[in-house]
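Below you'll find the structure, written out as structure tokens, and then a few comments.
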Amino acid sequence: MIGYAVVVIAQTIVLPIVSGAVELAVAGGDPLLVFAKWWVFWGVGTRLLLAGLTQVSGKGATTRILGGTTPSVQETQLTRELGVANIAMGTAGLLALVPGWALPVGIAGALFLLFAGLMHVTKTGKNPQEQVATWTDLVVGVAVLVPAVIVLIRMLAGGATS
Numbered sequence: 240m241i242g243y244a245v246v247v248i249a250q251t252i253v254l255p256i257v258s259g260a261v262e263l264a265v266a267g268g269d270p271l272l273v274f275a276k277w278w279v280f281w282g283v284g285t286r287l288l289l290a291g292l293t294q295v296s297g298k299g300a301t302t303r304i305l306g307g308t309t310p311s312v313q314e315t316q317l318t319r320e321l322g323v324a325n326i327a328m329g330t331a332g333l334l335a336l337v338p339g340w341a342l343p344v345g346i347a348g349a350l351f352l353l354f355a356g357l358m359h360v361t362k363t364g365k366n367p368q369e370q371v372a373t374w375t376d377l378v379v380g381v382a383v384l385v386p387a388v389i390v391l392i393r394m395l396a397g398g399a400t401s
């Protein structure tokens, strides 16, 4: 559990802030766009890719969350399918470093994480790993969606974005 929490908190808080700060110090830019891009890369990209790989491998906790101590064939299949979706979304999130990709991938990833987090908030009996996942889903969702909305408003108003 501690290793999981460290990795997820690094991906959702520490690495986006450090990466954004380094980029701003080295290359400058609009802080909103720079930090949003790194939140998409780390919080959507690496986080969902790693989660997906874990789910597809059958080594993660997702199947245990769905049912009892021994997951059914259907629960295992559902977990693997979710894993494939996470791999796809995570791979797209890594492309946030390619100009033009951060906004559309960020919106999709933020909505996915926000809805997942909101659905987990009301669940009772969450273990510590589920608690970390719930709240970091919400953090990344907000950290990506709020800048995306601001960028969209700027675009509609005729402002330039990268």
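Every position in the sequence shown, counted from 1, becomes a number in our numbering once 239 is added. Backbone N, C-alpha and C fix where the C-beta goes; we use that ideal spot for every residue, glycine too. These numbers were taken from a predicted model, which means no experiment stands behind them.
Rounded separation between residue i and residue j - CA only
i	j	result
residue 364	residue 331	33 Å
residue 462	residue 377	No answer is possible for residue 462: it lies beyond the span of the chain, which begins at 240 and ends at 401.
residue 405	residue 286	What is shown of the chain runs 240 to 401, which leaves residue 405 out entirely.
residue 320	residue 397	40 Å
residue 257	residue 241	21 Å
residue 337	residue 279	12 Å
residue 315	residue 373	21 Å
residue 255	residue 272	12 Å
residue 343	residue 394	13 Å
residue 266	residue 351	31 Å
residue 366	residue 261	35 Å
residue 251	residue 392	25 Å
residue 326	residue 268	30 Å
residue 253	residue 324	25 Å
Spatial neighbours of residue i in its chain, beta-carbon cut-off 7 Å, leaving aside the 5 residues before and after
i	result
residue 270	263
residue 334	340 and 344
Spatial neighbours of residue i in its chain, beta-carbon cut-off 6 Å, leaving aside the 5 residues before and after
i	result
residue 322	291, 294 and 295
residue 362	none
residue 371	244 and 247
Nonlocal neighbours in the same chain, by C-beta distance under 8 Å from residue i, ignoring five residues either side
i	result
residue 275	341, 345, 382, 383, 386, 387 and 390
residue 379	251, 278, 282, 283, 286, 348, 349 and 352
residue 289	246, 250 and 329
Environment of residue i [buried if 16+ CB atoms lie within 10 Å]
i	result
residue 328	buried
residue 375	buried
residue 309	exposed
residue 259	buried
residue 283	buried
residue 348	buried
Test: residue i CB closer than 8 Å to a CB of chain B
i	result
residue 378	Among the chains of the structure shown, chain B does not appear; only one protein chain is present.
Looking at C-beta atoms only, is the number of pairs between the stretch 277-295 and the stretch 353-370 that lie closer than 8 Å three or more?
Taking 8 Å as the limit for Cβ pairs, the verdict is that the stretch 353-370 does not touch the stretch 277-295.
List in chain order: all unbroken alpha helix (DSSP H) runs of 4+ residues lying wholly within the stretch 288-352.
Within the stretch 288-352, the runs of alpha helix (DSSP H) that reach at least 4 residues and sit entirely inside it are, in chain order, 301-305 and 312-333.
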